[in-house]
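Notes to accompany the following structure.
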Amino acid sequence: MTALVIAEHDNQVLKPSTLNTIAAALLCDPQVHVLVAGQNCAAVAQAAAQAVGVGKVLCADAPQLAAGLAEASAAQVLALAPSYSHILAPATAFGKNIAPRVAALLDVAQVSDIIHVHSPDTFDRPIYAGNAIATVQSDKIKVITVRTTGFDPVAATGGTAEVSSVDAVADAGLSSLVGRETTKSERPELTAAKIIVSGGRGLGSKENFEAVMTPLADKLGAAMGASRAAVDAGYAPNDWQVGQTGKIVAPQLYVAVGISGAIQHLAGMKDSKVIVAINKDEEAPIFGVADYGLVADLFTAVPEMVKQI
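For the sequence shown, the positions run 220 to 528 when our numbering is used.
Shown next as C-alpha cells:
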C-alpha cells in the first residue's frame, strides 16, 4: 500500500508543514503520494512534485475545494482512501480540522500528534503536556496527524514526481465560507520562523510588551510569540500564543522574556534548538529547559541586549 499526505496550502503556496508531514509519511511507507485539493492550485501541485520522496501528486481542482473546508476536503480524501494504508496531515489548524472527520467517516481511531514512527503501525505521541510519551498501535487504515516539530522537513526541491488530475467530489452543500479575516505581518510566520522571541506576564502591560519585545524582534528578524498568560491579559494577540493550547514551535533560537515556564508553555517550545531565558526569578521553571539563562530585570536586560546586537 501507499501513504497519502494531505497538503496544506493557500491555493498559491505549499505550506512548510507539508514537508515535515512527507518526512513522517516516508517512515510509514516508502511510497508517498500527496493530495493537493483546492482551486487554481496547479502551482501548489508543482511545488509538491518537487519535494524529495514524493512519488505522485494528485491534484483535485474545483470551486468547492477552494476554502479547504473540512466537509469538502474530507469527502475528497474519502474518495481516494481505499487505495492507501496511511493518510497523514500536519497537526496544524488545517490538519486538525480535516483528519478527525476522515477518521470518523472511515470508522477508525485517529492517531494524533505523532512525534516518532517505530514501524508502519506503531507511533509515539506526547500526552500530559509532553510529560509522558505514549506508544500507540493501529491495525486498520491509519489516519494520522503529525507534529511537525518532530520531523525534519524533506528538501523542497530535487523531486520529480508526476502530477495527475483527479476528479473532484461533488459539493454536498453542508457548509460554505462566509468570510475570512487574516492577520498580515511582515514578520516570519510563527510556526515556520527560525528565530522566535516570546514575552510573558512579567512584561506587565501591552505597552511594555510592545516597547520591550518589538526592538528585540526587529534586531533578530524574529517572529513574535507570547505565553498564554500574556495573551489572556491582552498583551499580545491570540495567534501569537505558544504552548499546549497555542502553537507548537521548534525554531533554531527561542528567546523567552518574562516567562516563568508553566508546563503548558514548555509543551509548545521545549524542542527548540537553543533556548534563552530572561527572568528575575532564579527559581523559574523555564531555566530548567533553557540552554542559556539570565537572572535579571528584563526591563534592563533586554534593551541592553538590543544595543549589543
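For glycine and all other residues, C-beta sits at the position ideal for the given N, C-alpha and C.
Secondary structure of Q460 (DSSP, three-state): strand. Here the C-alpha atom of H228 lies approximately 42 Å from the C-alpha atom of A515.
For S394, the closest C-alpha among the options A442, A242, D510, A286 is that of A286. Shown here, M220 sits in coil according to DSSP, grouped into three states, outside any helix or strand. Taken in chain order, the complete beta strand (DSSP E) segments of 3 or more residues contained in the segment 416-458 are 442-445. In the same chain as L233, and ignoring 5 residues on each side of it, the C-beta atoms closer than 7 Å to its own belong to A226, V263, A266, A267, in chain order. DSSP places K526 in the helix class (H, G or I) of the three-state scheme. Counting the other CB atoms within 10 Å of its CB gives M524 a total of 16 or more, which places it among the buried residues.
Here the C-alpha atom of R320 lies approximately 9 Å from the C-alpha atom of S292. Under DSSP, C260 shares a beta bridge with no residue.
Judged by DSSP in its simplified three-state form, P309 adopts strand. Scanning S383, P470, P345, L517 for the CA closest to the CA of V253 turns up S383. If you ignore the 5 residues before and after S304, its C-beta comes within less than 6 Å of the C-beta of M220, all in its own chain and listed in chain order. Per the Cβ contact rule, the segment 398-409 is not in contact with the segment 341-357 (fewer than 3 Cβ pairs under 8 Å). Cβ contact annotation for L396 (same chain, cutoff 6 Å, sequence separation greater than five): A286, in chain order.
The Cβ neighbour count for S338, taken over all protein chains shown within 10 Å, is under 16; the residue is labelled exposed. DSSP assignment within the segment 233-280 yields the following whole alpha helix (DSSP H) runs of 4 residues or more, N-terminal first: 236-247, 261-268.
Relative to the Cα of G440, the nearest Cα in the group V431, T464, I415, G419 belongs to I415. Ranked by Cα distance from A449, the first of K438, M432, D437, P522 is M432. Rounded to whole angstroms, the Cβ separation of S417 and V474 is 7 Å, and the two are in contact under 8 Å.
Separation of K489 and V508 (C-alpha to C-alpha, rounded to the nearest whole angstrom) is 7 Å. Rounded to the nearest whole angstrom, the CA to CA distance from N259 to T367 is 26 Å.
Exposure of P456 is indicated by the presence of fewer than 16 other C-beta atoms within 10 angstroms of its C-beta.
Taking the Cα positions, A486 is about 18 Å away from T354.
With respect to G274, Q295 sits apart: the two C-beta atoms are not nearer than 9 Å. By a beta-carbon distance limit of 8 Å, V362 does not contact A279. Their separation comes to about 18 Å. Here Y454 is buried: its Cβ has 16 or more other Cβ atoms, across all protein chains shown, within 10 Å.
For A380 and T237, the gap between their C-alpha atoms comes out near 15 Å.
When secondary structure is reduced to three states using DSSP, E290 falls in the helix class. Excluding five sequence positions before and after K425, the CB atoms of its chain that fall closer than 7 Å to its own CB belong to G453, Y454, given in chain order.
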